[in-house]
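Those sequence lines, one after another, are chains W and B. Residues in the first sequence are numbered from 1 upward in steps of one, following full-length UniProt numbering. Residues in the second sequence are numbered from 1 upward in steps of one, following full-length UniProt numbering. All residues carry an ideal CB built from backbone N, CA and C; glycine is no exception. Structure, as structure tokens:
2 protein chains.
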Amino acid sequence: MRTRLTELLGIEFPLVAFSHCRDVVAAVTNAGGFGVLGAVAYSPARLDRELSWIDEQVRGRPYGVDVLLPGRVDAAAADPAARLGEAIPDAHRDFVAHLMRKYDVGRPDIWPPDGGAWAPPTTAAGRAADEAGRRVTAAGAMGLVDVALKHPVRLIASALGPPPPEMVDRARSAGVPVAALVGTVEHARRQVAAGADVVVAQGTEAGGHTGEISTMVLVPQVVDAVAPVPVLAAGGVASGRQMAAAIALGAEGVWCGSVWLTTEEAETPPVVRDKLLAATSLDTVRSRCRTGKPARQLKSAWTEEWDEATESPGPLPMPLQMLLAEPALARVVRAAEAGGEGARDLANYFVGQVVGQMNQVRPAREVVYAIVSEYVEAVARLSRLSG
Amino acid sequence: MRTRLTELLGIEFPLVAFSHCRDVVAAVTNAGGFGVLGAVAYSPARLDRELSWIDEQVRGRPYGVDVLLPGRVDAAAADPAARLGEAIPDAHRDFVAHLMRKYDVGRPDIWPPDGGAWAPPTTAAGRAADEAGRRVTAAGAMGLVDVALKHPVRLIASALGPPPPEMVDRARSAGVPVAALVGTVEHARRQVAAGADVVVAQGTEAGGHTGEISTMVLVPQVVDAVAPVPVLAAGGVASGRQMAAAIALGAEGVWCGSVWLTTEEAETPPVVRDKLLAATSLDTVRSRCRTGKPARQLKSAWTEEWDEATESPGPLPMPLQMLLAEPALARVVRAAEAGGEGARDLANYFVGQVVGQMNQVRPAREVVYAIVSEYVEAVARLSRLSG
Numbered sequence: 001m002r003t004r005l006t007e008l009l010g011i012e013f014p015l016v017a018f019s020h021c022r023d024v025v026a027a028v029t030n031a032g033g034f035g036v037l038g039a040v041a042y043s044p045a046r047l048d049r050e051l052s053w054i055d056e057q058v059r060g061r062p063y064g065v066d067v068l069l070p071g072r073v074d075a076a077a078a079d080p081a082a083r084l085g086e087a088i089p090d091a092h093r094d095f096v097a098h099l100m101r102k103y104d105v106g107r108p109d110i111w112p113p114d115g116g117a118w119a120p121p122t123t124a125a126g127r128a129a130d131e132a133g134r135r136v137t138a139a140g141a142m143g144l145v146d147v148a149l150k151h152p153v154r155l156i157a158s159a160l161g162p163p164p165p166e167m168v169d170r171a172r173s174a175g176v177p178v179a180a181l182v183g184t185v186e187h188a189r190r191q192v193a194a195g196a197d198v199v200v201a202q203g204t205e206a207g208g209h210t211g212e213i214s215t216m217v218l219v220p221q222v223v224d225a226v227a228p229v230p231v232l233a234a235g236g237v238a239s240g241r242q243m244a245a246a247i248a249l250g251a252e253g254v255w256c257g258s259v260w261l262t263t264e265e266a267e268t269p270p271v272v273r274d275k276l277l278a279a280t281s282l283d284t285v286r287s288r289c290r291t292g293k294p295a296r297q298l299k300s301a302w303t304e305e306w307d308e309a310t311e312s313p314g315p316l317p318m319p320l321q322m323l324l325a326e327p328a329l330a331r332v333v334r335a336a337e338a339g340g341e342g343a344r345d346l347a348n349y350f351v352g353q354v355v356g357q358m359n360q361v362r363p364a365r366e367v368v369y370a371i372v373s374e375y376v377e378a379v380a381r382l383s384r385l386s387g
Numbered sequence: 001m002r003t004r005l006t007e008l009l010g011i012e013f014p015l016v017a018f019s020h021c022r023d024v025v026a027a028v029t030n031a032g033g034f035g036v037l038g039a040v041a042y043s044p045a046r047l048d049r050e051l052s053w054i055d056e057q058v059r060g061r062p063y064g065v066d067v068l069l070p071g072r073v074d075a076a077a078a079d080p081a082a083r084l085g086e087a088i089p090d091a092h093r094d095f096v097a098h099l100m101r102k103y104d105v106g107r108p109d110i111w112p113p114d115g116g117a118w119a120p121p122t123t124a125a126g127r128a129a130d131e132a133g134r135r136v137t138a139a140g141a142m143g144l145v146d147v148a149l150k151h152p153v154r155l156i157a158s159a160l161g162p163p164p165p166e167m168v169d170r171a172r173s174a175g176v177p178v179a180a181l182v183g184t185v186e187h188a189r190r191q192v193a194a195g196a197d198v199v200v201a202q203g204t205e206a207g208g209h210t211g212e213i214s215t216m217v218l219v220p221q222v223v224d225a226v227a228p229v230p231v232l233a234a235g236g237v238a239s240g241r242q243m244a245a246a247i248a249l250g251a252e253g254v255w256c257g258s259v260w261l262t263t264e265e266a267e268t269p270p271v272v273r274d275k276l277l278a279a280t281s282l283d284t285v286r287s288r289c290r291t292g293k294p295a296r297q298l299k300s301a302w303t304e305e306w307d308e309a310t311e312s313p314g315p316l317p318m319p320l321q322m323l324l325a326e327p328a329l330a331r332v333v334r335a336a337e338a339g340g341e342g343a344r345d346l347a348n349y350f351v352g353q354v355v356g357q358m359n360q361v362r363p364a365r366e367v368v369y370a371i372v373s374e375y376v377e378a379v380a381r382l383s384r385l386s387g
């Protein structure tokens, strides 16, 4: 199959796989798709190691890297002297500590034994939290991009806000195209004006940070608005029929994230994986309660408490909510894996409405082949029906 | 183009047009599609007249009728002796009266001059309201179906709950298939068990009563769950590319509603039509504030006041919210047409996210032809890209 995307990325089949797990990235790339590693969870040094591992696995086959660049973050994140942990209000720390007690989870190791739900700034955990929070600023993301560009990446993708001019310049100098994720036509226009070479139009049904407009409605409008810039469709795509639908809408390829979470290669904790396998398409919610920006995820006691409990203080802006939530949710998963029922109720993860289709654990390679083969069938059926 | 749907309905192209306006139904049917008249707004006698008019226009070409059958309604609606207007609490009447004052709309004619926002039961308006409210019960809907079956209709469609056995029996005896609208896989299975011959899988992006799952995600799951029952895709379909996408997902045709609202034939009041033409895909909301059940509609001061104002008493169950809202919103439209700015802010209508694509007024026939021609192009592009 040939589209401008397959030419640009040097691939056989325009199936892009977003994952935080290097094994998934390598497996999809080696199966003829295009893996993109979500880099936001990594320090620059760690990212360098992950990409070196991928380089060894894929031996020249193309892959990419994704960074998170919100248009707006909490002011503390922009101030290199600020201690981000200290910007988290007491009410929020207390609420998380209350949840940990209520659901019998125990306290994350990085919290001070006598105090609230945070990592004290003078500890290693506090410094790591500061650094993690700053990775969603332009300066932090550039650190990751610089590492990526030392590797043979074929795409830099930027989620949330427009890529800063510096990022576009450095990627261009390295001959690497820049992709930008968007949820509205206006954002698509803004991203192209900022220099995006590829637009990923992502519908509300997608997992993770996402807008309100469905893929079916969004993709054709974005295709028309940014032509001739090529568009990848994201959100609701986890099968060959859905991929054929996305291409019918005018996209030149697809960007899938959720479907890899239940592959053999994914590092999804078993307790979360089992919840994903059991969930229906009604079991997700778009909530600010993990990162501070609306992100679709599995409904759980965590989303219910933050979004509905009367004592909830409401989510903090990005990146503070991430800094508050992630250590707590990591502890939740550990407690759930150890058999804690309350912890199991709290555990969740970013996933799209396609979770209702994810009913078995398969190698990522098999998922790629299944999508290719169902895609071919869907196109053949469409041609046949249309005489 | 041939699918089981085109065979079943006796049409050339599996494009079903839902409209409350007989002119749209006739125009689409005469252009080779299949018009379906939404009957819930009509008394049986009025429906009979509308269908006779359609019969004259379409001269044997096929069309259908749609009724609304919620699984659950307010208890008063099931009691033939109850006065529905009296079941509306004072707080709700007062809130609507407050909105009418706040936005300078004036009082609907059917409200008592000295009292709250309702039609007194002893007046003709009160009796008409009682009857309108009962049209969404099984008995009320059967009255409409009986009228429809005296005409050469080729489809009875039922929205919200499963069609009652009586309806399926009478339609079957008349040789007329029954279609049922669904928003989840579970509902689809229930509707087929209740005797539906066709399932309309409707995504959250659709206008009017709608669920939470997007078309992209819902349609393939419903197709697999009810096979070999044919599925129409609804929600997010207003162009040929979107129709091709829907067929790629496994549907055998599409059901479109919103796109007809800005056709020349539609009776959409000009003030509402202009708001639809100006709206983007971000300007809709799924709210209970017009009917008591979640229905996607244009955001307006009406939806904001009901859903966000601290003094809002929250929506009533169906059909009480309809009985309260519809006379008020009819008055709002009259005031808006007369130039009232507050009324213009309140005015809205049921519409899907495709409203962002609806940017010009065209004859319904031209919309059908544009969809057919873009559909053919989209399928050709898909075949070409796939080699």
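Grab me the residues of residue i's own chain with a C-beta within less than 7 Å of its C-beta, minus the 5 sequence neighbours each way, in chain order.
i: proline 220(W); result: Leu249, Gly250
i: alanine 97(W); result: Gly116, Ala117
i: arginine 134(W); result: Ala77, Gly140
i: valine 237(B); result: Met243, Ala246, Val254, Cys256
i: glutamate 305(B); result: Leu99, Ser312
i: alanine 335(B); result: Val105, Gly106, Ala343
i: residue 413(W); result: As displayed, chain W neither begins before 1 nor continues past 387, which places residue 413(W) out of reach and without an answer.
Pull up the distance between the alpha-carbon of residue i and that of residue j, whole angstroms please.
i: isoleucine 11(W); j: glycine 253(W); result: 11 Å
i: glutamate 311(B); j: leucine 324(B); result: 17 Å
i: histidine 92(W); j: arginine 72(W); result: 20 Å
i: glycine 339(B); j: proline 270(B); result: 12 Å
i: histidine 151(W); j: proline 80(W); result: 28 Å
i: alanine 201(B); j: alanine 233(B); result: 5 Å
i: arginine 189(W); j: glutamate 374(W); result: 33 Å
i: valine 272(W); j: histidine 209(B); result: 33 Å
i: threonine 262(B); j: threonine 184(B); result: 29 Å
i: aspartate 130(W); j: leucine 84(W); result: 5 Å
i: methionine 216(B); j: tryptophan 255(B); result: 14 Å
i: alanine 278(B); j: methionine 358(B); result: 8 Å
i: lysine 293(W); j: leucine 316(W); result: 9 Å
i: alanine 295(B); j: isoleucine 213(B); result: 13 Å
i: alanine 119(B); j: phenylalanine 95(B); result: 15 Å
i: arginine 154(B); j: glycine 60(B); result: 10 Å
i: arginine 101(W); j: threonine 204(B); result: 37 Å
i: proline 121(B); j: alanine 328(B); result: 17 Å
Taking 6 Å as the limit between beta carbons, can you name the residues of its chain near residue i, skipping five residues before and five after?
i: valine 168(W); result: Val178, Gly195
i: glycine 32(W); result: Glu12, Phe13
i: serine 19(B); result: Val25, Trp260
i: leucine 181(W); result: Ala159, Val200, Gln202
i: tryptophan 111(B); result: Ala117
Which residue from the options puts its Cα closest to that of residue i?
i: glutamate 265(W); options: Phe18(W), Ala27(W), Val351(W); result: Ala27(W)
i: valine 136(B); options: Ala76(B), Met100(B), His151(B), Pro108(B); result: Ala76(B)
i: glutamate 50(B); options: Gly38(B), Arg61(B), Gly60(B); result: Gly38(B)
i: alanine 330(B); options: Thr284(B), Thr280(B), Thr268(B); result: Thr268(B)
i: proline 313(W); options: Pro89(W), Ala171(W), Met1(W); result: Pro89(W)
i: glutamine 57(B); options: Gly35(B), Arg290(B), Trp306(B), Arg334(B); result: Gly35(B)
i: aspartate 109(B); options: Gln360(B), Gly126(B), Tyr103(B), Gln297(B); result: Gly126(B)
i: glycine 207(W); options: Asp48(W), Gly352(W), Arg22(W), Arg46(W); result: Gly352(W)
i: glycine 161(W); options: Met318(W), Gly342(W), Ala335(W), Pro121(W); result: Met318(W)
i: valine 198(W); options: Asn348(W), Asp55(W), Gln297(W), Gly64(W); result: Gly64(W)
i: valine 176(B); options: Val192(B), Ala124(B), Pro62(B); result: Pro62(B)
i: aspartate 307(W); options: Cys289(W), Met322(W), Gln321(W), Leu320(W); result: Cys289(W)
i: glutamine 321(B); options: Leu8(B), Arg4(B), Asp48(B), Asp74(B); result: Asp74(B)
Would the beta-carbon of residue i be found less than 8 Å away from any heavy atom of the ligand SAM?
i: valine 351(W); result: Inclusion of the ligand SAM in the displayed structure is not the case, the ligand content being empty and no account of it being possible.
Query raised in the report: Should the segment 366-374 of chain W be called in touch with the segment 293-313 of chain W, which here means at least 3 C-beta pairs below 8 Å?
Result: Under the 8 Å Cβ criterion, the segment 366-374 of chain W does not count as touching the segment 293-313 of chain W, having fewer than three qualifying pairs.
Query - Segments assigned beta strand (DSSP E), at least 3 residues, entirely inside the segment 250-276 of chain B - result: Whole beta strand (DSSP E) segments, 3+ residues: 253-256.
Query raised in the report: Within the chosen definition, does the segment 224-239 of chain B reach the segment 234-241 of chain W through at least 3 CB pairs nearer than 8 Å?
Result: Contact between the segment 224-239 of chain B and the segment 234-241 of chain W is absent: fewer than 3 CB-CB pairs across the two stretches fall below 8 Å.
Query raised in the report: Just checking, does the segment 373-383 of chain B make contact with the segment 41-54 of chain B on the three C-beta pairs under 8 Å criterion?
Result: Here the segment 373-383 of chain B does not lie against the segment 41-54 of chain B, with fewer than 3 beta-carbon pairs under 8 Å apart.
**Report entry** In chain order, each beta strand (DSSP E) run of at least 3 residues that lies wholly inside the segment 272-328 of chain W
**Finding:** Fully enclosed beta strand (DSSP E) runs of no fewer than 3 residues occupy 284-287, 295-298 of the segment 272-328 of chain W, in order along the chain.
Report task. Tell me the start and end of each unbroken beta strand (DSSP E) in the segment 171-217 of chain W that is at least 3 residues and wholly inside, in chain order. Result -> DSSP runs (the beta strand (DSSP E)) wholly in the segment 171-217 of chain W: 178-182, 198-202.
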